[in-house]
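The structure under discussion appears below in the form of structure tokens.
Chains as they are written, first to last, in our numbering: chain A, 1 to 117; chain B, 118 to 426.
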């Protein structure tokens, strides 16, 4: 049971990106919870690039056993987390369309992008 | 470069120790003009244990309590006990960063308390775990005396030591970084020093690119090392990657140190550079300290790794 459930979640997550990026006239979608989480694991953000509609609440979850941060690189960025230890979460709302780049300030080779449509 | 040994400006040999003694497991390297030579272990009974040595400890990660080491406080204590048990008391300690795991004041407090068991000076550089949220202000105040004292240098027994900070203002997609201000300071700091002065640079992240996929390097290290080119003996000590690695490049000998908290995988041997779990009874064999000794007749130091096993 568990295996098939996780498999289904993985499929949905993978499916979310192409679906949402093509949803130009979708209007306010029924809040796609599945597409608003970004996992931090093995020193990577997954997915590294995420497209969401304006107004999306995005949550990062650190699944590594070392701390990471989520910090935007643009001036005035809404992304700035404290240190996230294992299982800690950080969330913020993306209200304005645009491209938001971020990284882990502890391990700067870890980078990610949020595209808000 | 060896001819510089005899220059009037060369290191004062009388300041250096007569003979070196090492106890415990490890490999002894002595370097001459940048070329390392393996030495046999000396018998401590034959040794006159006077002179000049120092110890590098690194990556104590006080506050870390995950599976890879539920007791990083205990292993750091054990490391300092090892330091205190050395047959030759080191002149001082260098801590090459990640003193704490999460830059918390109580973690800094615990580290300070454990280090107080060593009766001598400790010189610090921060790791990226020590500068979370405030770009190192609390760390510098706590360990360097003032938030303004980030990088610095000092002399000991004719050797010039430089503390470099490569974990501040890191840029997305980049590695460790020294930054323009620090590089300018370094150039001035080294300017005018005799080329026969042995240099020790100590910092947290490696000053050579160990493994870019894991971010193990420092973006502007090449510029820093360019300032050291005229010096016959340059020793670079770093932490961050929790394993012993050595590299020789021209006049520069790079050494990466063990952690006192947990090991990390060799480059590319795991999905990520995260803490590596080893069987509990093996943990202390992959944690350790580094004893560095300058001996007469050699411009570069002997370096001994000592595990906590």
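Glycine is no exception: its CB is placed at the ideal position from the N, C-alpha and C atoms.
Within the same chain, show all residues whose beta-carbon is closer than 6 Å to that of residue i, passing over the 5 residues directly before and after it, in chain order.
i, result
"residue 444 (chain B)", "Nothing about residue 444 (chain B) can be reported from this structure: the residues present for chain B run from 118 to 426 only."
"residue 33 (chain A)", "At residue 33 (chain A) the pLDDT is 49, less than 50, meaning the model places this residue with poor confidence; the figure from the coordinates comes in the next sentence. Excluding sequence neighbours, residue 33 (chain A) sits near nothing in its chain."
"residue 89 (chain A)", "59 and 61"
"residue 422 (chain B)", "143, 361, 405 and 407"
"residue 38 (chain A)", "45 and 60"
"residue 211 (chain B)", "173, 240 and 319"
"residue 264 (chain B)", "254, 257 and 258"
"residue 111 (chain A)", "103"
Give me the Cβ distance between residue i and residue j, rounded to the nearest whole Å; I'm assuming they're in contact under 8 Å.
i, j, result
"residue 201 (chain B)", "residue 192 (chain B)", "That belief does not hold up - the Cβ atoms of residue 201 (chain B) and residue 192 (chain B) are roughly 15 Å apart, past 8 Å."
"residue 221 (chain B)", "residue 180 (chain B)", "6 Å"
"residue 105 (chain A)", "residue 287 (chain B)", "6 Å"
"residue 362 (chain B)", "residue 376 (chain B)", "Not confirmed; about 13 Å, so no contact."
"residue 318 (chain B)", "residue 279 (chain B)", "5 Å"
"residue 341 (chain B)", "residue 285 (chain B)", "The Cβ separation is near 14 Å, so there is no contact."
"residue 214 (chain B)", "residue 176 (chain B)", "7 Å"
So what's residue i in DSSP terms, helix, strand or just coil?
i, result
"residue 305 (chain B)", "helix"
"residue 109 (chain A)", "coil"
"residue 400 (chain B)", "helix"
"residue 277 (chain B)", "strand"
"residue 338 (chain B)", "helix"
"residue 254 (chain B)", "helix"
"residue 330 (chain B)", "helix"
"residue 64 (chain A)", "coil"
"residue 104 (chain A)", "coil"
"residue 189 (chain B)", "helix"
"residue 346 (chain B)", "coil"
"residue 266 (chain B)", "coil"
"residue 299 (chain B)", "helix"
"residue 319 (chain B)", "strand"
"residue 415 (chain B)", "coil"
"residue 425 (chain B)", "coil"
"residue 57 (chain A)", "strand"
"residue 271 (chain B)", "strand"
By Cβ distance, which residues of its chain are closer than 8 Å to residue i, with the 5 residues on each side in sequence left out?
i, result
"residue 113 (chain A)", "48, 49, 50, 99, 100, 101 and 102"
"residue 270 (chain B)", "277, 278, 279, 280 and 306"
Does the beta carbon of residue i fall short of 7 Å from some heavy atom of the ligand SAH?
i, result
"residue 253 (chain B)", "Although the ligand SAH was asked about, the structure shown includes no ligands whatsoever."
Does the distance from the C-beta atom of residue i to that of residue j stay below 8 Å?
i, j, result
"residue 394 (chain B)", "residue 184 (chain B)", "yes"
"residue 65 (chain A)", "residue 311 (chain B)", "no"
"residue 256 (chain B)", "residue 409 (chain B)", "no"
"residue 208 (chain B)", "residue 315 (chain B)", "no"
"residue 427 (chain B)", "residue 386 (chain B)", "With chain B represented from 118 up to 426, any question about residue 427 (chain B) goes unanswered, as that position is not in the structure."
"residue 420 (chain B)", "residue 320 (chain B)", "no"
"residue 246 (chain B)", "residue 219 (chain B)", "yes"
"residue 231 (chain B)", "residue 206 (chain B)", "no"
"residue 351 (chain B)", "residue 369 (chain B)", "yes"
"residue 52 (chain A)", "residue 36 (chain A)", "yes"
"residue 378 (chain B)", "residue 178 (chain B)", "yes"
"residue 244 (chain B)", "residue 356 (chain B)", "yes"
Could you pull out every residue in the same chain whose Cβ sits closer than 7 Å to the Cβ of residue i, ignoring the five residues on either side in sequence?
i, result
"residue 383 (chain B)", "360"
"residue 335 (chain B)", "283, 292, 293, 294, 295, 322, 323 and 324"
"residue 91 (chain A)", "57, 58 and 59"
"residue 95 (chain A)", "54 and 55"
"residue 107 (chain A)", "43 and 68"
"residue 163 (chain B)", "Residue confidence is low: residue 163 (chain B) scores 34 on pLDDT, short of 50, so the model does not pin down where it sits. Its coordinate-derived value is still stated next. Nothing meets the Cβ criterion."
Would you list, in sequence order, the uninterrupted beta strand (DSSP E) runs of no fewer than 3 residues that lie entirely inside the stretch 192 to 243 of chain B? 209 to 212 and 238 to 241
Uninterrupted beta strand (DSSP E) stretches inside the stretch 356 to 381 of chain B (no shorter than 3 residues): 362 to 366 and 369 to 373
Taking only runs of the beta strand (DSSP E) that begin and end inside the stretch 66 to 94 of chain A, which ones reach a length of at least 3 residues, in chain order? 89 to 94
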